[in-house]
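S.K.:
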Amino acid sequence: MPRGFSPLPRHTGESRGAGAVRMLLLICVFAGVAWLYTRHFDRTLADIQSRAAIHDASGLLDSGQMRQLRDFAALFRDEFGVELVLRISQGPVEIPRLKSKTLFLGLDLDNRTLMVEYPTWMRRALGPGFTADLETAHMAPYFASDSWPTGLLMALKRIWDQLMAQETRETPAQ
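Residue numbers (this note's numbering): 518 to 691.
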C-alpha cells in the first residue's frame, strides 16, 4: 500500500453549512436525552408515590391486586387531584394525618371493617348514605367469602363511578 493511501475519502475542510447542521444535530441529541430523562423521572416519581399510598401490613395482597390499587390511586390523582391512601391491617387501623385532598380507606381484617375518610367536597358529592352503605353493607359479602381484596377494588370502583356520574350531571351538554 502506498504511503498516505486511505480507503476513506480525505476530509480537507467543511463548509459553514455542514458545521451548522452538525451542531444542530448535536443540540437535538442533547434535547432528546434530556426529554427522555424527565419522562423517566416523572414515571419513577409517580410509581414511588403510588407505592407509598398503599400499605398492606397483612401481606395478603398479590402483585396483581397491588398493581390494580396503584392504578386506582393514579386515576384518582390524575382525574380529581385526590391522593388515595390505603391501609390494610390485621387489627385496628389508625387514621394517619390526612391532607385536605386525601381519600383514605382503612381495612381492618380482624374486625372485618372498612373505614372511609373523604375530602370535604367528595363527602358532599357522595352523600352520607353512600358512605354508610360502603362501610357496612358493601364489604359484608366480601368478608364472608374471604374475597375482601375484590371488595376493596369494587369499593374504589363504586366511589369512582359515583364521582364520574356526579361530574357528568354537572357538566352541561355541548
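All residues carry an ideal CB built from backbone N, CA and C; glycine is no exception. Quick caveat, the model's predicted, so the values are computed rather than measured.
1) For residue 606, write down the residues that DSSP places opposite it in a beta bridge.
2) Residue 575 and residue 544: beta carbons closer than 8 angstroms?
3) Let's test the definition: count the other Cβ atoms within 10 Å of the Cβ of residue 577 and tell me whether it reaches 16, buried, or not, exposed.
4) Should residue 571 go down as buried or exposed, given a rule of 16 or more other Cβ atoms within 10 Å for buried?
5) If you draw a straight line from the C-alpha of residue 702 to the C-alpha of residue 559, how long is it?
6) Please work out which residues of its chain come closer than 8 angstroms, Cβ to Cβ, to residue 537, disregarding the five sequence neighbours upstream and downstream, and give them in chain order.
7) Give me the residue from 603, 632 and 663 with the minimum Cα distance to residue 648.
8) Just how far apart, CA to CA, sit residue 621 and residue 656?
9) Specify the secondary structure class of residue 656 as computed by DSSP and reduced to three states.
10) Using the Cα positions of residue 579 and residue 608, report the straight-line distance between them to the nearest angstrom.
11) With a Cβ-Cβ cutoff of 8 angstroms, do residue 654 and residue 683 count as a contact?
12) With DSSP as the reference, identify every bridge partner of residue 600, one or two as the case may be.
13) Alpha carbons only, please: which of 663, 652 and 685 is nearest the one belonging to residue 672?
14) Secondary structure at residue 524, three-state DSSP: helix, strand or coil?
15) Residue 611 by DSSP, collapsed to three states: which one?
16) Bridge partners for residue 631 per DSSP, in chain order?
17) Does the beta-carbon of residue 554 have 16 or more other beta-carbons within 10 angstroms, so that it is buried, or is it exposed?
18) Output the distance between the C-alpha atoms of residue 590 and residue 618, rounded to the nearest integer angstrom.
M.R.: If we stick to the structure as given:
1) 625
2) Not closer than 8 angstroms, so no.
3) exposed
4) Within 10 angstroms of the beta-carbon of residue 571 lie 16 or more other beta-carbons, which makes it buried.
5) Because residue 702 is not part of the residues shown, which for the chain are 518 to 691, the question remains open.
6) none
7) 632
8) 16 angstroms
9) coil
10) 20 angstroms
11) With respect to the 8 angstroms criterion, residue 654 and residue 683 are not classified as neighbours on the basis of their beta carbons.
12) 619
13) 652
14) coil
15) In the three-state reduction of the DSSP assignment, residue 611 falls in the coil class.
16) 624
17) exposed
18) 13 angstroms
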